[in-house]
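Here is the structure we will look at, set down as structure tokens.
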Ligand SMILES: Cc1ncc(C[n+]2csc(CCOP(=O)(O)OP(=O)(O)O)c2C)c(N)n1
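In the numbering used here, the protein residues as written are -9 to 329.
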């Protein structure tokens, strides 16, 4: 399947107007949150690095639209979008990134470890590729429970070169586990273009296991939504694992402030970034909503205002929070030791 084609087989119903509007709001929430994080990072207000997902929102939102709190997701070092798309609390995530006690991990994890087990968010993860084994283990649990839950594993094109991908594709196929692998091919692994470190087509690695596979335009929210709809349904019904390769682009740096480590060095042209800005998934969905009559402009303006208010409130809540308690680092190490 070409990168621009939508998967046709067993696609089922396209999203309704209400579903599209929810998708739009979720993507906008991720975008506005990260724009605020970008500004706060530049102002030196955030402890530690933040890896932003701007431009890739359609992938997390389009997939997680099909999940409930009982399903699981594993994430990456670029995890804010997955957390919010899966229904994680914005205030608690923002406070976590600010290193505050009110954070979802009491400020002990920061940006790269936002997690909420009550929502099935098994955690962002600084270890590239680590989510694959965690998601596959969660899917094994789902299959033992036998009640239709699924696990989704988000990972990057760089992570696709970790050996654990082969192990998890193998065992999930062998045991027909309800896991959906979602490779976010954003064309870079840190400062290296994907084509310098990644051989062949990533989706072919899943095809080698005869796994149902879709290659989609990851900047097309409807294409992602439709592919995920098909595969999540399949996983819930006991149809085993599946694989989505979503072609997208990282608009921001690998992390905010990357220019300080690059000290003037470049690894891509501005023209390439501009080319991808023109394929913005949120603007694309907005244009679709307006042209199809699924939403009126005033409605979208209102959604934008509501999202901006939520983000401003979350940032104010985080800024006013109490700094994390370093003593907790000792007691949160093992279950049951909490202070
Ligand atoms: C096991 C491991 N190796 C290397 C790194 C350093 N590292 C951090 S992010 C990254 C690139 C990951 O690229 P990709 O999986 O494509 O995700 P993206 O950053 O593009 O979202 C690397 C190599 C790491 N964190 N963990």
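All C-beta atoms in this analysis are idealised placements derived from N, C-alpha and C, irrespective of residue type, glycine included.
Note that this is a predicted model, so its numbers are computed, not measured.
- Cα atoms of residue 293 and residue 307: separation of roughly 21 Å, rounded to the nearest angstrom.
- With a 10 Å radius around the Cβ and a threshold of 16 neighbouring Cβ atoms, residue 286 comes out exposed.
- If you check the CB distance, residue 217 and residue 198 do not come in under 8 Å.
- The region 138 to 156 and the region 205 to 215 do not touch, with fewer than 3 CB-CB distances between them shorter than 8 Å.
- When secondary structure is reduced to three states using DSSP, residue 48 falls in the helix class.
- Annotation for residue 117 indicates a beta carbon within 7 Å of some heavy atom of ligand 1.
- In this structure, residue 146 has its beta carbon less than 7 Å from a heavy atom of ligand 1.
- About 5 Å separates the beta carbon of residue 42 from that of residue 24, a gap short enough to meet the 8 Å contact definition.
- When the alpha-carbon of residue 323 is set against those of 98, 83, 155, the nearest one is in 98.
- By the CB criterion at 8 Å, residue 19 and residue 300 fall inside the cutoff.
- Short note on residue 176: C-beta closer than 7 Å to some heavy atom of ligand 1.
- Within 10 angstroms of the beta-carbon of residue 220 lie 16 or more other beta-carbons, which makes it buried.
- In the DSSP assignment, residue 235 falls within the beta strand (DSSP E) that extends over 232 to 237.
- Nearest neighbour of residue 81 by Cα position, chosen from 321, 313, 304, turns out to be 304.
- Counting along the chain, no beta strand (DSSP E) covers residue 105, and no H or E run does either.
- C-alpha of residue 191 to C-alpha of residue 185: approximately 10 Å in a straight line.
- In this structure the region 159 to 179 lies against the region 117 to 126, because at least three pairs of beta carbons, one per stretch, are closer than 8 Å.
- Contact between residue 279 and residue 10 holds, since their C-beta atoms are separated by about 6 Å, short of 8 Å.
- Annotation for residue 7: the continuous alpha helix (DSSP H) segment containing it runs 7 to 32.
- With a cutoff of 7 Å, residue 179 counts as near ligand 1, since its C-beta is closer than that to a heavy atom of the ligand.
- Secondary structure of residue 126 (DSSP, three-state): helix.
- Exposed is the label assigned to residue 134, since fewer than 16 other Cβ atoms lie within 10 Å of its Cβ.
- Inclusion of residue 119 and residue 145 in the CB contact set at 8 Å is warranted, their separation being smaller than that value.
- Less than 8 Å divides the Cβ of residue 48 from the Cβ of residue 271.
- With a threshold of 7 Å, the Cβ atom of residue 66 counts as near ligand 1, since some heavy atom of the ligand is closer than that.
- Judged by pairs of C-beta atoms under 8 Å, the region 30 to 42 touches the region 64 to 71, as three or more such pairs exist.
- For residue 204, the enclosing beta strand (DSSP E) has its first and last residue at 203 to 207.
- Below 8 Å, too few C-beta pairs join the region 79 to 93 and the region 227 to 245 to call them touching: fewer than three.
- Residue 206 has its alpha-carbon roughly 6 Å from the corresponding atom of residue 235.
- Here residue 245 carries a coil assignment [DSSP, helix/strand/coil].
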